[in-house]
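*Asks:* Got a structure here, written out as structure tokens. Questions coming.
There are 4 protein chains.
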Amino acid sequence: MKWLKDDDFIRGKIPMTKFDIRTLTLTMLDIGDEDTFLDVGAGTGSIAIQAAILGAKVYAIEKENQGVELILDNAKKFDVKLNVINGDAAKEIKNIEGFNKCFIGGSGGKLKEIVREVTKGLTQDGFVVGNFIIPDNMVEFKNLLKEAGYEEIEVKLVQVSVMDSLGLMKGQNPVFIVGGRKK
Amino acid sequence: MKWLKDDDFIRGKIPMTKFDIRTLTLTMLDIGDEDTFLDVGAGTGSIAIQAAILGAKVYAIEKENQGVELILDNAKKFDVKLNVINGDAAKEIKNIEGFNKCFIGGSGGKLKEIVREVTKGLTQDGFVVGNFIIPDNMVEFKNLLKEAGYEEIEVKLVQVSVMDSLGLMKGQNPVFIVGGRKK
Amino acid sequence: MKWLKDDDFIRGKIPMTKFDIRTLTLTMLDIGDEDTFLDVGAGTGSIAIQAAILGAKVYAIEKENQGVELILDNAKKFDVKLNVINGDAAKEIKNIEGFNKCFIGGSGGKLKEIVREVTKGLTQDGFVVGNFIIPDNMVEFKNLLKEAGYEEIEVKLVQVSVMDSLGLMKGQNPVFIVGGRKK
Amino acid sequence: MKWLKDDDFIRGKIPMTKFDIRTLTLTMLDIGDEDTFLDVGAGTGSIAIQAAILGAKVYAIEKENQGVELILDNAKKFDVKLNVINGDAAKEIKNIEGFNKCFIGGSGGKLKEIVREVTKGLTQDGFVVGNFIIPDNMVEFKNLLKEAGYEEIEVKLVQVSVMDSLGLMKGQNPVFIVGGRKK
């Protein structure tokens, strides 16, 4: 098995990126074993763990202790190696070198600083993707990428509903997936 | 005010058809003061109450006592008159005469019988609409309408998300709205 | 019949607001015969015509001659009276008095000026609604309403799919419907 | 690069499964280099080609000559090996042995026969996925899987919209992705 289901993960109370959004994010990033991947605001680490399983060298920055513990627990469960940094994303990104793929899952209100630091650190032709449930943040991120000269900018809105055991379609929240390539 | 918001209604624990689906259902039915409207499986009665406010003569059949009470409470609150029948839809429809518009909100597993009885009672050129969150039931209803010779059959899938106070888009369940005209 | 279908309208090449979005817009505005309604950037006039049929006193501003002609043709077809103004919205709004409901369908890149003029002209407790297929414009409009002190701000994302004659669900474009009440 | 974009493929006039649905289908199937994968009704072969790139041994059955040619052209372009069978799916499945993953993209009105043959050929614990834009077919497929004793049945409804160069969100058709594991 390569693509983990939501129930495979050890989960705390932190909301987790769901299977379909995780999958669409990592395939937009086209993560593989030749990549060095940075997950900014890693949360429960489901994206970081999956990226590691796909073979990437992974750095994950997460502010909350609870999140860091979950990432480490999951890394242990799936026997993958990750570099987990417990700290403030905007500050910690500087210390990470040579990443060619980046995911921004959480910005803590500092999207501008984070995009600036990610853009500094990302290798030429590197690709960055963000997930957004707040349209304002999606628009800001898209515009920051444009201003920073990113190309191949993609904005997708994905709505998934899943049939429950009674046969009802249960709607999940719509998510914007936004990506761009650094030039 | 003519179009009630969800919060306007006295609500119990029974799930209520939400504003957008209620509105799209009643405008597909094109309910007005010249109509006699039957609401089958009325639930909290939000559709029936709104139809009455729009001027229709309304019959509402509901099996659960709790639902009947909610409908009557809401009728009182909005000062509209409704004929509420506490009973089994498949049996009670026979006793209602001359309705030209009909909504099927609940079928309690008896969709076939209900469509048969509705089709008997509905006036020529009358219009019937159903709401479905279970695709199987939607397909069954659509096919029952086709078999019974209904025309102008419409099937819509509606997904609504509403921004919450934090600016997040919260997804509601997708709903199928299906209508047809008796010929 | 009160709620017109898309095919009821005389249509040109200008894109028309589709039934479900038209309905959700006019019911969010809660348009009735006691209202004075301004349609800014009326396009084909489907919203303005429907508002007139619902009994409102209607003003429609449209820049393109082709749109103005369509509105007048439709007004004739449905035998309703509308005040159609052929001109630039930002300039023409000033000349319209006493409207308590307003729809912004098109802004021609002048959303800020239009919201400013609409806010000046709209009566106290009046309600304004905009439709957006460009998220950037939706976010700008929502923020303009907030800055201008509007209350009861609602943001909805609506995705409708319609079954075609082969039984396929055909997806329409997602539309943001945004409304607020002037205080 | 592992995950092909839509524009990477040589495309004819046959409709192609789009990136997001292709990705969600292949990750639900969890395709990897240890799999033997059968694509029934392969169409343009975008799913089959991607599966081959992910390392699976691939069989693709396609009725239309035009489809077969596209698959072969794409196989050449991406330098992957596929076993392409030009024929009727219900008949050809019998001749394919030992596949543990299967995708049903087209059924040509023979869904029942195809599910029967696939179920015969699929190895124990094998996984099958179908894509449906016609709800009736989705419901039939889901029920066929249930009747045949499949487990872990999943039904997802996915709606994707993509921002165009003007910033407009363009809605794609909603697609049902249905999967189950043979027990």
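Chains as they are written, first to last, in this note's numbering: chain A, -7 to 175; chain B, -7 to 175; chain C, -7 to 175; chain D, -7 to 175.
Glycine is no exception: its CB is placed at the ideal position from the N, C-alpha and C atoms.
What distance in whole Å lies between the Cβ atoms of alanine 52 of chain B and valine 76 of chain B, which are believed to be in contact at a cut-off of 8 Å?
*Replies:* Correct: roughly 5 Å between the Cβ atoms.
*Asks:* Does glutamate 26 of chain C come out as helix, strand or coil in the three-state DSSP assignment?
*Replies:* In this structure, glutamate 26 of chain C counts as coil in the three-state DSSP scheme.
*Asks:* Considering just the uninterrupted stretch of the beta strand (DSSP E) at leucine 149 of chain C, what are its terminal residues?
*Replies:* Note, leucine 149 of chain C: beta strand (DSSP E), 143 to 155.
*Asks:* Between the region -6 to 11 of chain D and chain C, which residues of the former have CB atoms less than 7 Å from a CB of the latter, in chain order?
*Replies:* Hits within the stretch: zero.
*Asks:* When you compare the CB positions of glycine 194 of chain D and glycine 59 of chain D, do they come within less than 8 Å of one another, or not?
*Replies:* Past the edges of chain D, shown from -7 to 175, lies residue 194 of chain D, and the structure says nothing about it.
*Asks:* Leaving out the 5 sequence neighbours to the left and right, which residues in its chain are closer than 6 Å to alanine 140 of chain A when beta-carbon positions are compared?
*Replies:* The residues are Thr111.
*Asks:* What three-state label does DSSP hand glycine 59 of chain A in the structure shown?
*Replies:* Here glycine 59 of chain A sits in helix by DSSP.
*Asks:* How many angstroms separate the CA atom of phenylalanine 119 of chain B from the CA atom of valine 50 of chain B?
*Replies:* So the alpha carbons of these two residues sit roughly 15 Å apart.
*Asks:* What is the DSSP secondary structure of glycine 37 of chain D, counted as helix, strand or coil?
*Replies:* Of the three classes helix, strand and coil, the one that applies to glycine 37 of chain D here is coil, per DSSP.
*Asks:* Do you know offhand how far glutamine 151 of chain A's Cα is from glycine 163 of chain A's?
*Replies:* So the alpha carbons of these two residues sit roughly 8 Å apart.
*Asks:* What residues from chain D crowd round glutamine 164 of chain C, counting only those whose CB sits closer than 8 Å?
*Replies:* The contacting residues are Gly163.
*Asks:* Give the DSSP-derived three-state secondary structure of methionine 130 of chain A in the structure shown.
*Replies:* Three-state result, methionine 130 of chain A: helix.
*Asks:* Quick one, which residues of the region 117 to 144 of chain B are near chain D if we go by CB-CB under 7 Å, in chain order?
*Replies:* If the cut-off is 7 Å between Cβ atoms, the region 117 to 144 of chain B has Pro127, Asp128, Met130 and Val131 near chain D.
*Asks:* Answer yes if the region 24 to 31 of chain C comes into contact with the region 20 to 40 of chain B, meaning at least three C-beta pairs across the two stretches below 8 Å, and no otherwise.
*Replies:* At 8 Å Cβ cutoff, the stretches do not touch.
*Asks:* I'd like to know whether the C-beta atoms of glycine 79 of chain D and lysine 55 of chain D end up nearer to each other than 8 Å.
*Replies:* Yes, these two residues count as a Cβ contact at 8 Å.
*Asks:* Expressed to the nearest angstrom, what Euclidean distance is found between the alpha-carbon atoms of glycine 122 of chain C and proline 166 of chain B?
*Replies:* Each residue's Cα considered, the two are about 23 Å apart.
*Asks:* Who are the neighbours of serine 99 of chain D on chain C, taking C-beta pairs under 9 Å?
*Replies:* The premise fails here: serine 99 of chain D is roughly 13 Å from chain C at the closest Cβ pair, so nothing lies under 9 Å.
*Asks:* Could you work out which residues of chain B lie near leucine 160 of chain A, taking near to mean beta carbons separated by less than 8 Å?
*Replies:* Going along chain B in sequence order, the residues near leucine 160 of chain A (Cβ under 8 Å) are Ile125, Ile126 and Asn165.
*Asks:* Please list the segments of the alpha helix (DSSP H) lying wholly inside the region 78 to 144 of chain C, counting only runs of 4 or more residues, in order along the chain.
*Replies:* Correct list: 81 to 84, 103 to 113 and 127 to 139.
*Asks:* Provide the residue span of the alpha helix (DSSP H) that contains glycine 20 of chain C, from first to last.
*Replies:* The amino acid at residue 20 of chain C is misidentified as glycine; the sequence shows methionine. Run containing methionine 20 of chain C: 11 to 20, per the alpha helix (DSSP H) assignment.
*Asks:* Would DSSP call alanine 44 of chain C helix, strand or coil?
*Replies:* Helix, per DSSP.
*Asks:* Could you compute how far the alpha carbon of serine 157 of chain B sits from the alpha carbon of leucine 74 of chain B?
*Replies:* Spanning the two alpha carbons is a distance of roughly 36 Å.
*Asks:* Look up lysine 68 of chain A in the DSSP assignment and say whether it is helix, strand or coil.
*Replies:* Three-state result, lysine 68 of chain A: helix.
*Asks:* In whole angstroms, what separates the C-alpha of alanine 81 of chain C from that of arginine 108 of chain C?
*Replies:* Approximately 11 Å between the Cα atoms of the pair.
*Asks:* Residues of chain A with CB under 7 Å from leucine 16 of chain C, in chain order?
*Replies:* Under the 7 Å cutoff, chain A gives no residues; its nearest Cβ is about 17 Å from leucine 16 of chain C.
*Asks:* Is the beta carbon of isoleucine 2 of chain C less than 8 Å from the beta carbon of asparagine 57 of chain C?
*Replies:* Cβ atoms of isoleucine 2 of chain C and asparagine 57 of chain C: not closer than 8 Å.
*Asks:* Which same chain residues, not among the five before or five after aspartate -2 of chain C, have their C-beta less than 7 Å away from its C-beta?
*Replies:* These residues qualify, in order along the chain: Met8, Lys10 and Phe11.
*Asks:* Please report the residue range of the beta strand (DSSP E) in which arginine 173 of chain A lies.
*Replies:* Residues 167 to 173.
*Asks:* Kindly indicate which residue of D/Ile125, D/Trp(-5), D/Phe168 and D/Tyr142 has the alpha-carbon position closest to the one of valine 154 of chain A.
*Replies:* The option with the nearest alpha carbon to valine 154 of chain A is D/Phe168.
*Asks:* Please return the same chain residues whose Cβ sits closer than 7 Å to the Cβ of phenylalanine 70 of chain A, not counting the five positions on each side in sequence.
*Replies:* The answer, listed in chain order, is Ile41 and Ile45.
*Asks:* For isoleucine 125 of chain A and leucine 149 of chain A, what's the separation of their Cα atoms in angstroms?
*Replies:* Near 10 Å, if we compare the C-alpha coordinates of leucine 149 of chain A and isoleucine 125 of chain A.
*Asks:* Among the candidates B/Asp128, B/Lys(-6) and B/Leu160, whose CA atom is the shortest distance from the CA of valine 170 of chain B?
*Replies:* Of the candidates B/Asp128, B/Lys(-6) and B/Leu160, the one whose C-alpha sits nearest the C-alpha of valine 170 of chain B is B/Asp128.
*Asks:* Phenylalanine 95 of chain B and threonine 15 of chain B: beta carbons closer than 8 Å?
*Replies:* No, Cβ-Cβ distance for phenylalanine 95 of chain B and threonine 15 of chain B is not below 8 Å.
*Asks:* Residues in its own chain within less than 8 Å of lysine 86 of chain C by CB, not counting five upstream and five downstream?
*Replies:* Here the set comprises Glu109, Lys112 and Gly113.
*Asks:* Nearest to lysine 5 of chain A by CA position, among A/Gly35, A/Trp(-5) and A/Ile13, is which residue?
*Replies:* Measuring from the Cα of lysine 5 of chain A, the nearest candidate turns out to be A/Gly35.
*Asks:* Here's a check: name, in chain order, each residue in its chain whose Cβ is nearer than 8 Å to the Cβ of aspartate 117 of chain A, leaving out the five neighbours to either side.
*Replies:* Asn92, Arg173, Lys174 and Lys175, listed in sequence order.
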